[in-house]
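Chemist: Input: one structure, supplied below.
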Amino acid sequence: MPPNPANLDSFNHQSTRLSTGRTYHYVDELPTDYDADKTITLLLMHGFPDLWAAWKHQICHWVKAGYRVVAPDMLGYGQTDKPNELEEYSFKKLSDDLAALLDHIGSPRAVLVAHDWGSVLAARFILWHPQRALGVAHLSVSFFPPYKEYVSLEDLAKKFPDYAYQLYFADPANTKKIENQIEMFYRSLFAVPGSTTGRIDDLVQVLDAEVRVDPSVIKTILSDEELEYYITQNASFHGPLNYYRTSRIRFDEEKAGDLPMTYAVKIPVLFLRGADDRTSPEVRIALMKELLPQTKVINYEGSGHWLMYQEKDNVAKDVLIWLSENNLTKL
């Protein structure tokens with residue numbers, strides 16, 4: 001039976017201890033005509049504060065089109081390990097985890113499809129493991145190269161004011177505030193576009209307010225069932241927030257590894273963004289086009305950050321078109 005997006009239990013859930021020592025939960029869906037020598041694997045990488053289930057609609061489309069689709073809960077999320085130590089969230093270690101996952105499932109190479117922090121990690125995975133990627137689709141967050149000099153979150157927020165919220169997420173003192181108001185947190189992040197209550201600009205004020213707002217007043221793009229799944233699966237936020245706390249670790253390891261400024265192997269690149277999303281400034285998109293001129297860019301008018309929900313059918317369709325255009329249908 002094919003998986004049903006309305007029933008998350010209908011997906012093929014797996015859990016394994018990788019050669020890196022960490023245990024990952026992931027969904028692994030095979031097409032009906034699966035051939036280990038010919039079928040291309042799509043490795044999906046969610047961002048903050050998501051889960052594998054963010055891809056549930058796209059998984060069904062892509063499996064039907066003949067792809068093997070593997071979607072893990074990233075480290076710190078859902079049913080995957082949640083180490084406390086900050087250094088365990090180094091992007092070198094996360095990249096090694098994903099390489100080990102591909103080894104475990106028997107896929108030497110894969111097409112990466114990634115969103116938000118997953119998109120940043122996908123870029124670093126390719127820099128650390130250039131021979132493992134057949135192509136990459138970045139959603140919402142564009143490729144940017146390793147920094148030549150360290151840029152703190154404070155300096156990043158000064159340069160890109162829309163990133164100021166990251167300072168709040170990076171502060172360990174705020175972890176419990178988020179966990180104690182987790183429904184409000186999710187409703188605010190996934191608020192219906194145009195909401196005057198759930199904007200991310202207002203999120204910090206809402207979480208710090210002495211008088212609590214009733215979360216139910218915020219309309220979201222998530223169904224009640226989807227919201228409940230996120231809340232139960234991501235009850236702890238120490239792991240997810242650690243992605244905002246590793247900028248120094250990432251810089252040091254990338255400098256020590258002498259990572260290149262762009263992908264060492266020329267591969268197809270797709271960038272999908274919501275026109276109303278502020279997480280990829282135009283200057284970064286221009287830099288991506290300069291460093292990766294093969295990038296195909298698609299803008300979705302009227303959509304924001306959460307493309308897998310807001311543009312669920314278009315994301316599925318446009319990724320398939322891009323794969324076909326680049327002869328990434330069979331090995």
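Under UniProt numbering, the first residue of the sequence shown is numbered 1, with each subsequent residue one higher. All C-beta atoms, glycine included, are put in the ideal place defined by N, C-alpha and C. Quantities reported herein were computed from a predicted structural model and do not represent experimental measurements.
1) Can you tell me whether ALA316 is buried or exposed? The criterion is at least 16 other CB atoms within 10 Å of its CB, across all chains shown.
2) Within a Cβ cutoff of 6 Å, which residues of the same chain sit near PRO31, ignoring the five residues on either side of it in sequence?
3) How far does the alpha helix (DSSP H) with ARG124 in it extend, from its first residue to its last?
4) Is THR232 buried or exposed, if buried means 16 or more other CB atoms sit within 10 Å of its CB?
5) Could you check if ARG17 belongs to the surroundings of the ligand FMN, using beta carbon to heavy atom distance under 7 Å?
6) Taking buried to mean at least 16 other C-beta atoms within 10 Å of its own C-beta, is LYS56 buried or exposed?
7) Output the distance between the C-alpha atoms of PRO268 and ASN180, rounded to the nearest integer angstrom.
8) What are the boundary residues of the beta strand (DSSP E) that THR232 is part of?
9) DSSP three-state call for GLN14: helix, strand or coil?
10) Should THR246 and LEU291 be called a contact, given that it needs their Cβ atoms to be closer than 8 Å?
11) For the alpha helix (DSSP H) that contains GLY239, what are its first and last residues?
12) Taking ALA170 as the reference, which of LYS148, LEU241, TYR186, GLU87 has the closest Cα?
13) Return helix, strand or coil for THR279, following the three-state DSSP convention.
14) Taking Cβ positions only, does ALA110 come closer than 8 Å to chain D?
15) Between which two residues does the alpha helix (DSSP H) carrying residue 339 extend?
16) State the DSSP-derived secondary structure class of ASN299, mapped to helix, strand or coil.
17) What residue range is occupied by the uninterrupted alpha helix (DSSP H) comprising VAL192?
18) Let me check understanding here. Comparing Cα to Cα, which of HIS129, TYR229, LEU42 lies closest to SER95?
19) Starting from GLU29, follow the beta strand (DSSP E) in both directions and report where the run begins and ends.
20) What's the gap between the Cα of TRP52 and the Cα of GLY118?
21) Report the CB separation of HIS238 from LYS93 in whole angstroms; it is logged as a contact under 8 Å.
22) Any contact between the region 274 to 292 and the region 9 to 24? By contact I mean 3 or more CB pairs, one from each, below 8 Å.
23) Of all the alpha helix (DSSP H) runs that stay within the bounds of the region 49 to 93, which reach a length of 4 or more residues?
24) Just grab the DSSP bridge partners of PHE271 for me.
25) So ALA157 and MET45 are in contact, right, with Cβ under 8 Å, and what is the actual spacing, rounded?
26) Rounded to the nearest angstrom, what separates ARG68 and ASP103 at their Cα positions?
27) If you reduce the DSSP assignment to three classes, tell me which class VAL319 lands in.
28) Helix, strand or coil: how does DSSP classify MET45 here?
Modeler: According to the structure data:
1) With 16 or more Cβ atoms within 10 Å of its Cβ, ALA316 is classed as buried.
2) For PRO31, where only same-chain residues beyond five positions count, the Cβ hits under 6 Å are VAL63, GLY66.
3) Segment 117 to 128, the alpha helix (DSSP H) holding ARG124.
4) Exposed, since its Cβ has fewer than 16 Cβ neighbours within 10 Å.
5) In the structure on display, the ligand FMN does not appear, and there are no ligands present to speak of.
6) By the 10 Å Cβ count, LYS56 comes out buried.
7) Take the alpha-carbon of PRO268 and the one of ASN180: they are about 43 Å apart.
8) For THR232, there is no enclosing beta strand (DSSP E); the residue is found in the alpha helix (DSSP H) stretching over 224 to 233.
9) Correct three-state label for GLN14: strand.
10) By the CB criterion at 8 Å, THR246 and LEU291 fall outside the cutoff.
11) GLY239 -> alpha helix (DSSP H) spans 238 to 242.
12) Of the listed residues, the one whose Cα sits closest to ALA170 is LEU241.
13) Coil at THR279, not helix or strand.
14) No chain D is present in this structure, which holds just one protein chain.
15) Here the chain covers residues 1 to 331 and nothing more, so residue 339 does not appear.
16) Annotated three-state conformation of ASN299 is strand, per DSSP.
17) Segment: none, VAL192 is in no alpha helix (DSSP H) and carries neither H nor E.
18) Checking every option, the nearest Cα to that of SER95 belongs to HIS129.
19) Per DSSP, the unbroken beta strand (DSSP E) holding GLU29 starts and ends at 23 to 29.
20) Between the alpha carbons of TRP52 and GLY118 lies a gap of roughly 11 Å.
21) Actually they do not touch by this definition, with Cβ atoms about 16 Å apart.
22) The region 274 to 292, when compared against the region 9 to 24, does not touch it at the 8 Å Cβ threshold.
23) Within the region 49 to 93, the complete alpha helix (DSSP H) segments at least 4 residues long are 56 to 64, listed from N- to C-terminus.
24) DSSP lists HIS138, VAL297 as the bridge partner or partners of PHE271.
25) Not quite, the Cβ-Cβ distance comes to about 25 Å (not below 8 Å), so this is no contact.
26) Distance between the alpha carbons of ARG68 and ASP103 is about 14 Å.
27) Reduced to three states, the DSSP call for VAL319 is helix.
28) In the displayed model, MET45 falls within a strand according to three-state DSSP.
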